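In terms of my numbering, the sequence shown opens at residue 2 and continues consecutively.
Where a beta carbon is used, it is the ideal one built from N, C-alpha and C, also for glycine.
Quick caveat: nothing in here was measured; it's all calculated off a predicted structure.
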Amino acid sequence: AAAVEEITLVLQVNGKVRDRITVPVDISEADAQQAALASGTVQKQLEGREPRQVIYVKGRLVNIVI
Numbered sequence: 002a003a004a005v006e007e008i009t010l011v012l013q014v015n016g017k018v019r020d021r022i023t024v025p026v027d028i029s030e031a032d033a034q035q036a037a038l039a040s041g042t043v044q045k046q047l048e049g050r051e052p053r054q055v056i057y058v059k060g061r062l063v064n065i066v067i
C-alpha cells in the first residue's frame, strides 16, 4: 500500500471554515500554524489584527481565534 505523503488541513477563523491547505504529513505544529497564518484567505479575515489564540489539531485543522 502506498503511504500518504500529504494531508489537507482545514483552516478555521473563529470556528468557521475559511480555507484548506495541503501540507506534508509530518508537518510540525509551528509550521502548520505558520502556513495557516500565511494563507491569503486567513489574512483577509484577520484584517491586520493579531490572533488571540491558534489551536492546532494534528492532521486535521488549525483554528485561529481573533
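Find the nearest neighbour of residue i within the set the options, judged by alpha-carbon distance.
{"i": "Lys-17", "options": "Leu-47, Glu-51, Glu-7, Lys-59", "result": "Leu-47"}
{"i": "Glu-30", "options": "Tyr-57, Val-66, Glu-51", "result": "Tyr-57"}
{"i": "Asp-32", "options": "Val-5, Gly-60, Asp-20", "result": "Gly-60"}
{"i": "Val-63", "options": "Ala-4, Arg-50, Val-24", "result": "Val-24"}
{"i": "Ile-8", "options": "Ile-22, Val-14, Gly-41", "result": "Ile-22"}
{"i": "Leu-38", "options": "Val-5, Asp-20, Asp-27", "result": "Asp-20"}
Under a three-way DSSP split, which group does residue i fall into?
{"i": "Val-26", "result": "coil"}
{"i": "Val-58", "result": "strand"}
{"i": "Val-5", "result": "coil"}
Pull the bridge partners of residue i from the DSSP assignment, please.
{"i": "Asn-15", "result": "Per DSSP, none; premise fails for Asn-15."}
{"i": "Arg-21", "result": "Val-11"}
{"i": "Val-66", "result": "Gln-54"}
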